[in-house]
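Shown next, in structure tokens, is the structure this report addresses.
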Amino acid sequence: DGGITQSPKYLFRKEGQNVTLSCEQNLNHDAMYWYRQDPGQGLRLIYYSQIVNDFQKGDIAEGYSVSREKKESFPLTVTSAQKNPTAFYLCASSQGVSNYGYTFGSGTRLTVV
Amino acid sequence: DQQVKQNSPSLSVQEGRISILNCDYTNSMFDYFLWYKKYPAEGPTFLISISSIKDKNEDGRFTVFLNKSAKHLSLHIVPSQPGDSAVYFCAASGGYDMRFGAGTRLTVKP
């Protein structure tokens with residue numbers, strides 16, 4: 019079955035540590051995205067990538083980094099520079115432009131203590 | 654800068670009745686509008702969409718209405734079922750740029 023896999027589902031880290039969230043898709047989609055969800059707010063775009071070896075900052079990219087070395091993979095690193103890293107992180111992919119809807123992963127809940 | 658707004662954080666309806674979820678947007682460059690459904694600890698799943706050249710799109714119990722002059726869209730669920738209880742996100746798209754509202758939690762009571 020095709021889909022997006024995010025791992026792990028829950029992640030705990032100490033303040034000041036970098037952490038990398040995994041996102042893998044086998045849908046052969048060109049575009050991939052990272053969103054953050056906080057209570058009472060919509061999904062906010064962190065980074066997106068339209069093709070391999072290319073990515074763009076979204077609205078809240080500060081304190082995050084990404085790479086897109088393979089079409090299937092779009093890992094997100096939450097660095098110690100991110101002031102409020104505790105959140106629910108969602109990865110998504112789409113074929114071409116976003117009009118046809120995104121396929122989302124099941125998310126990773128990151129808690130920084 | 655919230656370009657997509659869902660002003661009702663929650664909605665409760667009785668099973669069998671109509672659920673109406675509302676969404677407003679500010680950017681007239683959006684040309685596609687979508688609704689997603691989300692259960693706790695899961696990613697959103699695509700529900701229904703509408704192009705800006707249409708004013709209505711129907712899929713079974715779900716209908717989305719678009720009023721471009723008012724920059725407003727709504728999702729109607731008829732009849733509502735307990736399994737429809739979830740958070741519904743409105744989204745607006747222009748190419749690779751998709752913006753989401755904050756979501757409305759729908760509870761359908763048996």
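Going down the list, the protein sequences come from chains Z and V. Quick note on the numbering used here: the first sequence kicks off at 19 and runs consecutively. Quick note on the numbering used here: the second sequence kicks off at 654 and runs consecutively. Beta carbons are placed, not taken as given, at the ideal position from N, Cα and C, and that holds for glycine. Note that this is a predicted model, so its numbers are computed, not measured.
Assignment of residue 123 of chain Z by DSSP, reduced to helix, strand and coil, places it in the coil class. Residues of the same chain with a CB within less than 8 Å of the CB of residue 747 of chain V, apart from the 5 flanking positions on each side, are 680, 682, 683, 684, 685 in chain order.
Of the candidates V:736, V:750, V:743, V:756, V:736 places its Cα closest to the Cα of residue 763 of chain V.
Within the DSSP bridge table, the entry for residue 84 of chain Z names Z:94 as partners. Counting only Cβ-Cβ distances below 8 Å, residue 125 of chain Z has contacts in chain V at 694, 695, 696, in chain order.
In the structure shown, the three-state DSSP call for residue 677 of chain V is strand. The criterion of a C-beta distance shorter than 8 Å is satisfied by residue 715 of chain V and residue 700 of chain V.
When CB distances to chain Z are screened at a threshold of 9 Å, the residues of the stretch 658-669 of chain V falling below it are 658, 659, 662, in chain order. A check of alpha carbon separations from residue 33 of chain Z across Z:69, Z:111, Z:103 identifies Z:103 as the nearest. For residue 728 of chain V, none of the residues of chain Z pass the 7 Å Cβ criterion, the least Cβ distance being about 14 Å.
Chain order gives the chain V residues near residue 58 of chain Z as 662, 755, 756, where near means a beta carbon separation below 9 Å. Against residue 108 of chain Z, the close residues of chain V are 696, 697, in the order they occur along the chain (beta-carbon pairs closer than 8 Å). Taken atom to atom, the span from the alpha-carbon of residue 707 of chain V to that of residue 83 of chain Z is near 39 Å. For residue 129 of chain Z and residue 64 of chain Z, the gap between their C-alpha atoms comes out near 17 Å. In the three-state scheme derived from DSSP, where H, G and I count as helix and E and B as strand, residue 747 of chain V is classed as strand. Annotation: residue 715 of chain V has no Cβ neighbours in chain Z at a cutoff of 8 Å; minimum Cβ distance is about 14 Å.
The contact set of residue 73 of chain Z on chain V, defined by CB atoms closer than 9 Å, is empty, because the minimum CB distance reaches about 11 Å. For the stretch 736-755 of chain V, the set of residues with a beta-carbon nearer than 9 Å to any beta-carbon of chain Z comprises 742, 743, 744, 746, 747, 748, 749, 750, 751, 752, 753, 754, 755, in chain order. In the DSSP assignment, residue 40 of chain Z is bridged to Z:25. From the beta-carbon of residue 687 of chain V, the residues of chain Z found nearer than 7 Å are 119.
Residues of chain V with a Cβ closer than 8 Å to the Cβ of residue 92 of chain Z do not exist, since the nearest Cβ in that chain sits about 14 Å away. Within the same chain, 677, 678, 679, 681 come within 8 Å of residue 724 of chain V by CB-CB distance, once the 5 residues on both sides are set aside.
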